[in-house]
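Notes follow once the structure below has been shown.
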Amino acid sequence: MSTHYLIGNRPASRPSSRMLFIWLGFAAVLLLAPQILRSSLLHTHLTQMGIGMVLALSYNVLLGQSGMLSFGHAAFSGLGAFVSVHAMNLVGDGLLWLPLPLIPIVGALTGLGFAALIGYVITRTSGVTFAMITLGIGQMVYASSLMFPAFFGGEGGVSTNRVYGDPWFEWDFGPQIQVYYLVAAWLFICVAATFYLTRTPLGRLLNGVRDNEERIAFVGFNPHLLRYMALMISGLFAGIGGALMAINFEIATDEVLSLHESGAVLLFTFIGGTATFIGPMLGAVIGVLLTKFLPDYTAGWQMYLGLVFMLVVVYAPGGISSLIKPGLGVLRQTMAQRRYASFLGLALSAFALLAGTIILVELMYHRAAGATGPLHLFGMALDHQGVMSWVIGVVILLGGMLTIKPAGRLLFERLSAGEPALQGVPQ
Amino acid sequence: MEFFLISLLNSLSYGLLLFMLSSGLTLIFSMMGVLNFAHASFYMLGAYLAYSISGAAGYWFAFFVAPLLVGVAGVLVERYGLRAVHKYGHVAELLYTFGLSYLMLEAVQLIWGRSAVPYGIPEILQGSLFTLYTTTFPKYQAFMMLISILTLLALYLVLTRTRVGLIIQASLSHPEMVESLGHNVPRVFMLVFGGGCALAGLAGVIGGNAFVTEPGMAETLGTIIFVVVVAGGMGSLMGALLASLLIGVIQTFAVAIDLSLLDGLSAMGLGVGPGAFGHSVLSVTLSEVAPILPYALLVLVLIFRPRGLLGKREN
């Protein structure tokens with residue numbers, strides 16, 4: 034049967050010239066980023082962001098597009114990483130011919146193959162049952178990594194060397210910047226592929242399975258098979274991400290299969306936002322910022338990570354990317370209507386909330402570290418042994434907590450009084 | 002025989018502890034449809050609180066107070082956290098508890114440090130109770146079993162013989178009806194959540210010193226009790242009991258048996274040399290497979306009997 038009436042009211046797609054412009058812009062950003070951020074440390078972080086984006090996009094094919102919560106994503110990416118490492122070693126030994134830039138194909142086939150193998154029986158239901166079954170599968174794969182040291186290399190993992198064979202157009206992929214461009218190229222392919230997946234009938238049907246499974250079955254499609262396909266697509270891209278990880282780190286250990294890895298992908302995809310296409314990519318950027326930059330400044334980075342995640346779950350279930358549009362709208366209206374005073378009020382109480390949290394968390398970690406000197410924060414010296422600094426932190430935090438809702442309501446009331454169209458904005 | 006009896010006792014005490022944890026979880030799961038990812042974190046919290054309180058006021062004081070404190074923490078989490086995300090559906094609730102388990106782990110490490118704390122067994126319960134052939138059976142293990150059985154008996158009586166229990170049971174299956182009869186179902190949920198967390202806390206109090214009280218303890222048991230609840234069956238306490246004991250037996254016996262498929266084959270007269278195909282798979286011993294057995298059970302149950310061993314309904 035034809036599917037066109039299912040798709041029905043297609044959301045107004047942008048004119049193709051504008052889409053081309055966006056894609057060219059994205060390619061330019063990928064090309065120029067390491068030229069602007071010029072240090073090998075930043076190149077490392079950029080590479081990891083790229084890999085994180087591939088993983089988050091693959092995860093969002095399940096969570097955002099098909100409504101399937103998985104706790105076992107690391108099984109797909111991790112197996113992709115292990116098989117890629119073995120493939121690289123085989124090529125290095127001269128038993129196989131495959132240039133390094135094509136190694137992610139091995140990862141993709143691994144992820145796809147594993148998903149095809151286990152997927153049919155586990156995608157019969159979605160929801161909590163699917164979440165639990167993926168948790169079980171993920172843990173099984175993780176636990177079996179110590180059972181088969183011949184393949185998984187035991188606790189030490191399997192290491193490899195990415196510089197092998199003849200250089201690829203004078204590139205041997207030793208330097209980090211060359212690895213970055215390899216990751217960027219694959220990222221571009223994955224972004225394009227997952228984006229156009231959302232535009233295909235299959236992509237729309239997956240949305241349908243997410244929103245109303247019965248209806249999809251009623252119209253004549255098999256939700257089970259659709260979910261199976263979603264898992265295979267997701268596994269394929271996760272395998273690419275795993276292979277890129279293997280190329281970047283030149284090692285695969287059992288850590289890449291662990292629940293931590295699955296949890297991290299889930300955490301950052303959700304923080305970035307599952308409702309929009311750029312959400313997962315934003316999540317990967319936030320993920321690298323929180324887990325790679327923040328630890329240099331504070332011991333409490335995991336606490337901040339958890340707090341950000343909880344705030345997103347409770348107050349912005351669409352993720353941070355879902356806040357951008359309404360946020361910009363509020364900003365534009367504030368400028369247009371010159372409601373600077375109310376806006377400043379909201380900004381102040383948000384700042385108090387942030388500052389109070391940071392002061393208290395930092396004081397706690399400072400105390401836990403057994404430090405004797407005072408804590409230096411924002412140019413102030415806070416004595417964690419006295420009561421005063423704690424009181425200051427609590428007062429600032431409470432001030433923010435108590436004023437943020439009234440301040441927000443005030444701003445919205447003022448703005449919507451001048452612009453009736455804004456009344457629909459969530460408060 | 003000696004090995005069999007001792008292993009059976011070990012698996013019973015481990016299984017009963019698992020059931021203490023999973024009974025609360027299964028009640029919460031069947032009422033709210035949300036698997037509390039942070040449930041094992043409450044178990045960890047119970048152990049750490051008991052360590053601190055017993056240091057200040059003795060073990061027996063901690064034995065009663067620590068679970069209560071954990072229960073209060075659970076009530077607060079439900080009232081001011083979970084209830085707010087309830088409107089976004091079960092996936093959001095699952096994610097909320099997932100985030101909570103992160104935060105609780107950080108908080109515990111912040112307060113008690115990143116290494117294990119010396120939470121010991123009280124003097125009166127040290128030593129062995131009896132000797133079976135040549136192996137001694139520790140007093141504390143018997144104490145754990147006794148407390149678990151008493152708690153479970155109390156739980157059973159409360160659920161089946163009291164008015165509160167009737168309302169809880171009714172809210173499990175027909176929340177709308179209970180609500181229209183004038184009961185405050187959200188408050189019942191809150192109290193069940195708190196009660197389940199208190200049970201987890203009690204399991205932490207008696208399990209923390211039998212095993213090790215360390216930040217990793219929640220993760221060790223966390224996924225196992227999921228297996229128990231899901232494999233046992235939605236809303237079925239008996240299913241959870243069956244699954245707990247089953248996993249207790251599987252894990253305890255499997256760890257101790259050092260046999261592989263290879264041994265089985267050679268006993269049948271089929272020798273497989275080290276160079277043969279599949280040798281590395283065949284030579285994996287049962288004790289090495291032990292860690293994956295609970296998850297294999299989970300996956301198999303969910304594939305072949307999605308409502309669980311004794312469950313009556315799906316989701």
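Protein chains in written order, with this note's numbering: chain H, 34 to 460; chain U, 2 to 316.
Don't be surprised by glycine CBs; every beta carbon is placed ideally from N, CA and C.
None of these values were measured; they are calculated from a predicted model.
Sequence-distant residues of its chain with Cβ nearer than 6 Å to S49 (chain H) (five each side left out):
Residue 49 (chain H) sits at position 16 when you count from the first residue of the first sequence. None.
If distances are taken between C-alpha atoms only, which option among U:L77, U:W61 and U:L101 comes closest to I125 (chain U)?
In the second sequence, the residue the question calls residue 125 (chain U) occupies position 124. The candidate whose alpha carbon is nearest that of I125 (chain U) is U:W61.
Excluding the five sequence neighbours on either side, which residues of its own chain have a C-beta within less than 6 Å of the C-beta of L315 (chain H), listed in chain order?
Position 282 of the first sequence, counting from 1, holds the residue named residue 315 (chain H). These residues qualify, in order along the chain: G305 and S354.
Beta-carbon neighbours of F303 (chain H), restricted to chain U and to distances below 8 Å:
Within the first sequence, numbered from 1, the residue matching residue 303 (chain H) stands at position 270. Ordered by position in chain U, the residues that pass the 8 Å Cβ test against F303 (chain H) are L96.
Of all the options U:T286, U:L151, U:F254 and U:T221, which has the alpha carbon lying nearest to the alpha carbon of D264 (chain U)?
Here residue 264 (chain U) refers to the residue found at position 263 of the second sequence. Checked all of U:T286, U:L151, U:F254 and U:T221; the closest Cα to D264 (chain U) is U:T286.
My guess is that G75 (chain U) and F194 (chain U) are in contact by the Cβ rule of under 8 Å, so how many angstroms apart are they, rounded?
What you label residue 75 (chain U) is simply residue 74 of the second sequence in a count that begins at 1. What you label residue 194 (chain U) is simply residue 193 of the second sequence in a count that begins at 1. With 8 Å as the limit, G75 (chain U) and F194 (chain U) qualify as a contact, their Cβ atoms being about 5 Å apart.
Grouping DSSP H, G and I as helix and E and B as strand, with all else coil, what is M413 (chain H)?
Position 380 of the first sequence holds residue 413 (chain H). M413 (chain H) falls in the strand class under three-state DSSP.
Inter-residue spacing [alpha-carbon to alpha-carbon] between A317 (chain H) and Q170 (chain U):
The residue labelled residue 317 (chain H) in the question sits at position 284 within the first sequence. The residue labelled residue 170 (chain U) in the question sits at position 169 within the second sequence. Each residue's alpha carbon lies about 44 Å from the other.
Chain U contact for Q172 (chain H) (CB, 8 Å cutoff):
Here residue 172 (chain H) is taken as the residue at index 139 of the first sequence, counted from 1. By this cut-off, Q172 (chain H) is an interface position.
Beta-carbon proximity of A117 (chain U) to T221 (chain U), cut-off 8 Å
Here the question's residue 117 (chain U) lines up with position 116 in the second sequence. Here the question's residue 221 (chain U) lines up with position 220 in the second sequence. Not in contact: A117 (chain U) and T221 (chain U) (Cβ atoms no closer than 8 Å).
Taking all protein chains shown into account, do 16 or more other C-beta atoms lie within 10 angstroms of the C-beta of N210 (chain U), making it buried, or fewer, making it exposed?
Looking up residue 210 (chain U) in the second sequence gives position 209. So N210 (chain U) counts as buried.
Here's the rule: buried if 16 or more other CB atoms are within 10 angstroms of the residue's CB, otherwise exposed. What is S110 (chain H)?
The residue you call residue 110 (chain H) lines up with position 77 of the first sequence. Buried, because 16 or more other Cβ atoms sit within 10 Å of the Cβ of S110 (chain H).
Around the C-beta of N42 (chain H), are 16 or more other C-beta atoms found within 10 angstroms, so that it is buried, or is it exposed?
Counting from one through the first sequence, the residue named residue 42 (chain H) turns up at place 9. Any reading at N42 (chain H) must be qualified, since the residue scores a pLDDT of 45, below 50, and its modelled position is unreliable; no value is offered.
Measuring alpha carbon to alpha carbon, tell me which of U:Y52, U:G183, U:E94 and U:L238 ends up nearest L160 (chain U).
Within the second sequence, the letter at position 159 stands for residue 160 (chain U). Checking every option, the nearest Cα to that of L160 (chain U) belongs to U:L238.
Who are the neighbours of A164 (chain H) on chain U, taking C-beta pairs under 7 Å?
Within the first sequence, residue 164 (chain H) is the residue found at index 131, counting from 1. Within 7 Å Cβ-Cβ: L95.
Rounded C-beta distance between L310 (chain U) and G233 (chain U)? I'm assuming under 8 Å.
Numbered from 1 along the second sequence, position 309 holds the residue referred to as residue 310 (chain U). Numbered from 1 along the second sequence, position 232 holds the residue referred to as residue 233 (chain U). Yes, they are in contact, since the Cβ atoms of L310 (chain U) and G233 (chain U) sit about 6 Å apart, within 8 Å.
Cα-Cα, which of H:G362, H:T286, H:G352 and H:R51 is closest to G190 (chain H)?
Here residue 190 (chain H) corresponds to residue number 157 of the first sequence, with the count starting at 1. Comparing Cα-Cα distances from G190 (chain H) to each of H:G362, H:T286, H:G352 and H:R51, the minimum goes to H:T286.
If you measure from the beta carbon of F65 (chain U) to each beta carbon in chain H, is any gap under 8 Å?
Stepping through the second sequence from its first residue, residue 65 (chain U) is reached at position 64. No, F65 (chain U) lies away from the interface with chain H (no Cβ there is under 8 Å from its Cβ).
Could you tell me if M44 (chain U) is buried or exposed, where buried requires 16 or more neighbouring beta carbons within 10 angstroms of its beta carbon?
Residue mapping note: residue 44 (chain U) aligns to position 43 of the second sequence, counting from 1. Rather than Met, the amino acid found at residue 44 (chain U) in this sequence is Tyr. Buried, since its Cβ has 16 or more Cβ neighbours within 10 Å.
Run through chain H and tell me which residues come within less than 8 Å of Y120 (chain U), C-beta to C-beta.
Position 119 of the second sequence, counted from the first residue, corresponds to residue 120 (chain U). Going along chain H, no residue has its Cβ under 8 Å from Y120 (chain U), so there is no contact; the nearest lies around 19 Å.
What does Y261 (chain H) reach in chain U if we use C-beta pairs closer than 7 Å?
Translated into positions along the first sequence, residue 261 (chain H) becomes position 228. The premise fails here: Y261 (chain H) is roughly 14 Å from chain U at the closest Cβ pair, so nothing lies under 7 Å.
Which of helix, strand or coil does DSSP assign to V196 (chain H)?
Translated into the one-based positions of the first sequence, residue 196 (chain H) becomes position 163. If DSSP states are grouped into helix, strand and coil, V196 (chain H) belongs with coil.
Classification of V428 (chain H) by the beta-carbon crowding that lies within 10 angstroms, buried from 16 upward:
Here residue 428 (chain H) refers to the residue found at position 395 of the first sequence. Counting Cβ neighbours within 10 Å, V428 (chain H) comes out exposed, since fewer than 16 surround it.
Under 8 Å, with one C-beta from each stretch per pair, do the region 332-346 of chain H and the region 91-107 of chain U reach the 3-pair mark?
yes
If the cut-off is 8 Å on Cβ atoms, which residues from the region 399-430 of chain H count as contacting chain U, listed in chain order?
A401
Beta-carbon neighbours of G316 (chain H), restricted to chain U and to distances below 9 Å:
Locating residue 316 (chain H) in the first sequence gives position 283, counting from the first residue. Chain U residues near G316 (chain H): none, gap ~13 Å exceeds 9 Å.
From P359 (chain H) to T307 (chain H), what distance separates their C-alpha atoms?
Taking the first sequence and counting its residues from 1, the one referred to as residue 359 (chain H) is at position 326. Taking the first sequence and counting its residues from 1, the one referred to as residue 307 (chain H) is at position 274. One C-alpha to the other measures close to 16 Å.
Hey, how far is the Cα of L168 (chain H) from the Cα of F202 (chain H)?
For this step, residue 168 (chain H) is matched to residue 135 along the first sequence. For this step, residue 202 (chain H) is matched to residue 169 along the first sequence. Near 43 Å, if we compare the C-alpha coordinates of F202 (chain H) and L168 (chain H).
For P139 (chain U), does the three-state DSSP call read helix, strand or coil?
Here residue 139 (chain U) refers to the residue found at position 138 of the second sequence. Of the three classes helix, strand and coil, the one that applies to P139 (chain U) here is strand, per DSSP.
Quick check: the Cα distance between L215 (chain H) and A263 (chain H), rounded to an integer number of angstroms?
Along the first sequence, one-based indexing puts residue 215 (chain H) at 182. Along the first sequence, one-based indexing puts residue 263 (chain H) at 230. Whole-angstrom Cα-Cα distance: 26 Å.
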